[in-house]
Amino acid sequence: MDNRPRTAPATIHRRQFMKALGLGIAATAVASSHLFGAGAEAQTPGLITKQIPRTGEVVPAIGLGSFLTFDVLPGQPREHLREVIRRFSEGGGRVIDTSPLYGMAEVNVGDFATALGINDRVFIGNKIWSTGEYLADDSHAARSLEQSTQRLWREKIDLMQCHSLVNVDVIVPLLRAWKKEGRIRYIGVTHHEPAYFGVLAQWVEQGDVDFVQVRYSIYARMAEERLLRAAADRGTAVLVNMPLEKARLHKLVAGRPLPDFARELGIETWAQFFLTWVISHPAVTCAIPATANPEHLSENIAAMRGPLPDRDMRARMVRYMETIPGFDTLDEMPWYPDKTYPGVIGRAQRELRRRT
Ligand SMILES: NC(=O)c1ccc[n+]([C@@H]2O[C@H](COP(=O)([O-])OP(=O)(O)OC[C@H]3O[C@@H](n4cnc5c(N)ncnc54)[C@H](OP(=O)(O)O)[C@@H]3O)[C@@H](O)[C@H]2O)c1
């Protein structure tokens, strides 16, 4: 890689950028105030949005994940989660990713989206993780969909994904059938382990999946090799999980000032630095960082505003990170440094550790 310092133009027209990357126009990044609902448009001008290639539906480029962060034991304080969703929606956010596997997360998302009166504006990405009791048994998956619609107070789920490719040969045909029946609007497959990116790419290349969800961050760039290109070629929307590397990127830069060149992009926080980098890839539709902290939420959605870095600036951002000790071995840092999430999953994990 060319490490010479250069002065890159901070921004480039989005179409030019896509052309420069040779990615076609399958996933169109649009800096626009074009949002769902007149109310949202009035409140959130200048938001960075993207199109879902198969339909042209427009969604904001920063969403909200819910693993661990939205898992709170019944009876425990959870008002902070209402505030996270309130700020998310007020800031123009719509895409919320959850799963029946995330303890109480679906329940909390459903309760607060309903209580805040925004449930019909939220774009829910949910998942099926089901093996059934015998080969080709899809009854558990059917019950899972039923339970999710109840927990989320929804008749229809916007996007249903096969969680981490579990039982994928049975689940994807089932998702297709549900889509035909109008019970879900889009289908997708997910994973976060690079070892499975090849299989994810095959589903994108051969299949009719509308969405793929994959880990992609300024540290973990493996998805670029095949998957993001395939998604752009096939017109498959991309949700990005682990965009903050499960809080490890923030731990790495704790106490460190932002580089001066970040100001050229109007970047004021490390969250903006990491998330703007992710959503500036033309194939990326929406990054879904998770947080239980309203202040962090405000930082994260700020990445949906302002110019996006062009290809040179993205490379410069990576080169800067490479100068920080520990960046190249980030995978060795434990997930969620200095954090505990005391929900169903945290309790189960503690019990598991006690037994072993
Ligand atoms: N296979 C799959 O389908 C799969 C796998 C992984 C993830 N996912 C989905 O993708 C979502 C995102 O991935 P993830 O939750 O694993 O990781 P992530 O979003 O990269 O990281 C979440 C962590 O980052 C911290 N954080 C968030 N914003 C911050 C900020 N502004 N400043 C400092 N720290 C911040 C959060 O802590 P605080 O609570 O303190 O803010 C939390 O501990 C998940 O929640 C889930 O919905 C799906």
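Each residue of the sequence shown is one higher than the one before, starting from 581 at the first, in our numbering.
All C-beta atoms, glycine included, are put in the ideal place defined by N, C-alpha and C.
Note that this is a predicted model, so its numbers are computed, not measured.
For residue i, which residues of its own chain have a beta-carbon under 7 Å away from its beta-carbon, when the five flanking residues on both sides are left out?
i: residue 810; result: 781, 784 and 785
i: residue 748; result: 742 and 769
Expressed to the nearest angstrom, what Euclidean distance is found between the alpha-carbon atoms of residue i and residue j?
i: residue 602; j: residue 712; result: Unreliable placement is indicated for residue 602, whose pLDDT of 32 sits below 50; the coordinate value is still reported in the next sentence. Roughly 42 Å between the two C-alpha positions.
i: residue 658; j: residue 869; result: 19 Å
i: residue 646; j: residue 705; result: 11 Å
i: residue 694; j: residue 653; result: 19 Å
i: residue 745; j: residue 771; result: 7 Å
i: residue 791; j: residue 863; result: 11 Å
i: residue 740; j: residue 708; result: 7 Å
i: residue 760; j: residue 665; result: 31 Å
i: residue 718; j: residue 750; result: 7 Å
i: residue 655; j: residue 892; result: 50 Å
i: residue 935; j: residue 755; result: 37 Å
i: residue 777; j: residue 807; result: 7 Å
i: residue 625; j: residue 714; result: 51 Å
i: residue 847; j: residue 637; result: 28 Å
i: residue 651; j: residue 927; result: 10 Å
i: residue 856; j: residue 844; result: 13 Å
i: residue 915; j: residue 720; result: 30 Å
i: residue 734; j: residue 837; result: 44 Å
i: residue 827; j: residue 630; result: 25 Å
i: residue 824; j: residue 634; result: 28 Å
i: residue 753; j: residue 722; result: 12 Å
i: residue 813; j: residue 932; result: 43 Å
i: residue 762; j: residue 904; result: 49 Å
i: residue 899; j: residue 910; result: 15 Å
i: residue 728; j: residue 839; result: 43 Å
i: residue 643; j: residue 796; result: 14 Å
i: residue 685; j: residue 921; result: 12 Å
i: residue 829; j: residue 884; result: 19 Å
i: residue 912; j: residue 876; result: 24 Å
i: residue 696; j: residue 672; result: 14 Å
i: residue 919; j: residue 716; result: 40 Å
i: residue 700; j: residue 787; result: 29 Å
i: residue 710; j: residue 834; result: 39 Å
i: residue 929; j: residue 726; result: 27 Å
For the candidate residues the options, whose alpha-carbon lies nearest to that of residue i?
i: residue 798; options: 871, 933, 902 and 723; result: 902
i: residue 676; options: 789, 709, 639 and 626; result: 639
i: residue 816; options: 767, 823, 829 and 796; result: 767
i: residue 831; options: 917, 703, 690 and 925; result: 917
i: residue 670; options: 741, 794, 698 and 791; result: 698
i: residue 628; options: 663, 860 and 650; result: 860
i: residue 736; options: 660, 720 and 702; result: 702
i: residue 730; options: 748, 742, 754 and 689; result: 689
i: residue 641; options: 674, 921 and 900; result: 674
i: residue 667; options: 928, 726, 904 and 874; result: 874
i: residue 789; options: 779, 795 and 796; result: 779
i: residue 691; options: 908, 672 and 662; result: 662
i: residue 743; options: 696, 700 and 793; result: 793
Sorted by chain position, which residues of the same chain lie with C-beta nearer than 6 Å to residue i's C-beta, five sequence neighbours on each side aside?
i: residue 758; result: 764
i: residue 687; result: 731
i: residue 632; result: 817
i: residue 738; result: 703, 704 and 765
Would you grab the beta carbon distance between residue i and residue j for me? Rounded to a whole angstrom, and I think it's under 8 Å.
i: residue 858; j: residue 683; result: Going by Cβ atoms, the distance from residue 858 to residue 683 rounds to 26 Å, so no, they are not a contact pair.
i: residue 841; j: residue 894; result: Rounded, the Cβ-Cβ distance is 12 Å, inconsistent with contact.
i: residue 872; j: residue 678; result: Their Cβ separation, rounded to whole angstroms, is 14 Å, which puts residue 872 and residue 678 out of contact at 8 Å.
i: residue 774; j: residue 724; result: At roughly 27 Å, the Cβ-Cβ gap does not stay under 8 Å, so residue 774 and residue 724 are not in contact.
Hey, would you say the C-beta of residue i is under 7 Å away from at least one heavy atom of ligand 3?
i: residue 647; result: Inclusion of ligand 3 in the displayed structure is not the case, the ligand content consisting of ligand 1 alone.
Can you find a C-beta in chain C that's less than 8 Å from the C-beta of residue i?
i: residue 873; result: The displayed structure is made up of one protein chain only, and chain C is not part of it.
Can you give me the Cβ contacts of residue i inside the same chain, cut-off strictly under 8 Å, excluding the 5 residues immediately before and after it?
i: residue 907; result: 799, 832 and 901
i: residue 660; result: 872, 873 and 874
* Touching or not, the segment 797 to 815 and the segment 875 to 888, by the rule of three or more beta carbon pairs under 8 Å? -> no
* **Inter-stretch contact (C-beta, 8 Å, three-pair minimum) for the segment 870 to 880 and the segment 851 to 860** => yes
* **Stretch-stretch touch, CB-based, cutoff 8 Å, three pairs: the segment 819 to 831 with the segment 856 to 875** => yes
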